[in-house]
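See structure below.
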Amino acid sequence: MTPAAILGQLPGLRDASPDALQALAEQFDPTRFEDGALICEEGDPAETLYVLAEGTVEVRKRSTSGREHAVAELQAPCLFGHVGVLALTERTASVRARGPVKLLSMSARRARVVMRTGEFKVASPFRRALIVAMCQQLSSATAAVASLAVDAGLAEPPRPPLPSIEDDGLQSIDERLAELDELEEQLTEAEQSAEESLLPEDAEERLLKGISQV
1 MTPAAILGQL PGLRDASPDA LQALAEQFDP TRFEDGALIC EEGDPAETLY VLAEGTVEVR
61 KRSTSGREHA VAELQAPCLF GHVGVLALTE RTASVRARGP VKLLSMSARR ARVVMRTGEF
121 KVASPFRRAL IVAMCQQLSS ATAAVASLAV DAGLAEPPRP PLPSIEDDGL QSIDERLAEL
181 DELEEQLTEA EQSAEESLLP EDAEERLLKG ISQV
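Here is the structure:
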């Protein structure tokens with residue numbers, strides 16, 4: 001599969017024109033890593049972003065205690081390494097190859113040039129792909145925090161959506177109001193007991209998995 005075809009499979013680039021994908025592909029350099037090879041390490045300068053073209057990589061992150069956790073497994077095709085590049089920060093996680101992998105790499109400097117001064121047909125879909133990737137990570141982090149809040153007794157589990165008025169008639173309004181009153185009471189009780197609640201033992205590891213970024 002060509003680099004342009006691989007890029008065309010990424011969220012945010014699936015509707016890009018063939019010409020735009022080809023022009024963007026020319027900004028990447030193909031590279032390979034063997035099984036177990038360290039692709040990037042937590043704490044290092046974020047100088048490159050990657051597209052995983054073939055294979056699988058493992059994302060690992062250190063907790064505050066210094067223990068390293070496997071927080072995610074990424075499979076091709078996907079974008080990674082973009083968080084540190086966009087934020088001009090150090091790597092926030094380490095990535096290792098699990099089996100032979102093929103990557104498309106772009107330097108941070110080149111990525112910023114493409115976004116700021118590149119042709120619109122290339123820069124626009126590239127920015128969109130980065131935004132989609134960031135949103136996906138934010139969604140994962142939000143879900144992890146919500147799950148921990150439920151386990152700690154600070155929030156109620158998600159409720160199924162209420163039926164619409166058209167489906168169940170106007171008599172359901174009183175039932176809904178009663179449910180809202182009950183939910184408000186539960187939230188009040190949760191807030192009052194927040195200081196006494198304890199997070200589960202695996203809270204830190206689960207939170208790391210939810211916010212894993214590279």
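By our numbering, the letter at position 73 of the sequence shown is numbered 73, and the numbering carries on one by one without gaps. Ideal placement from N, C-alpha and C gives every residue a C-beta, glycine not left out. Quick caveat, the model's predicted, so the values are computed rather than measured.
Check: How far does the beta strand (DSSP E) with Asp29 in it extend, from its first residue to its last?; Outcome: 29-33
Check: With 16 other CB atoms within 10 Å as the buried threshold, where does Val88 fall?; Outcome: First, the residue type needs correcting, since residue 88 is Leu and not Val in the sequence shown. Leu88 comes out exposed.
Check: For Arg86, which three-state DSSP category applies?; Outcome: It should be noted that the sequence gives Leu, not Arg, for residue 86. Of the three classes helix, strand and coil, the one that applies to Leu86 here is helix, per DSSP.
Check: Could you give the first and the last residue of the continuous alpha helix (DSSP H) run that contains Phe130?; Outcome: Here the sequence assigns Leu to residue 130, which means Phe is not the residue at that position. Note, Leu130: alpha helix (DSSP H), 120-151.
Check: For Ile6, which residues from the same chain have a beta carbon less than 6 Å from its beta carbon, with the 5 sequence-adjacent residues on both sides left out?; Outcome: Ala53, Pro77
Check: Do you know whose CA, among Met134, Thr92, Leu103, lies nearest Val59's CA?; Outcome: Thr92
Check: Report back the beta-carbon spacing between Ile131 and Gly12 to the nearest angstrom; my notes put them in contact at under 8 Å.; Outcome: 7 Å
Check: Tell me whether Met115 sits in a helix, a strand or coil according to DSSP, three-state version.; Outcome: helix
Check: Looking at the unbroken alpha helix (DSSP H) that takes in Ala299, where does it start and where does it end?; Outcome: Given that the chain is displayed from residue 1 to residue 214, the structure contains no residue 299 and the question cannot be resolved.
Check: Report the residue from Arg14, Arg96, His82 whose alpha carbon sits nearest the alpha carbon of Pro125.; Outcome: Arg14
Check: So, with DSSP's three-state summary, where would you put Ala97?; Outcome: strand
Check: Quick one: any contact between the region 112-122 and the region 38-48, if contact means 3 or more CB pairs under 8 Å?; Outcome: no
Check: Assign Leu24 to one of two classes, buried (16 or more other C-beta atoms within 10 Å of its C-beta) or exposed (fewer than that).; Outcome: buried
Check: What's the gap between the Cα of Glu47 and the Cα of Arg109?; Outcome: 8 Å
Check: Determine the extent of the alpha helix (DSSP H) in which Ala37 is found, giving its start and end residues.; Outcome: Element bounds for Ala37: n/a, residue is neither H nor E.
Check: Please list, in chain order, all residues of the same chain as Thr2 whose beta carbon is under 8 Å from its beta carbon, the five residues on each side excluded.; Outcome: Ala25
Check: What's the call for Ser94, buried or exposed, on a 16-neighbour Cβ count within 10 Å?; Outcome: buried
Check: Does DSSP put Pro45 in a helix, a strand or coil?; Outcome: strand
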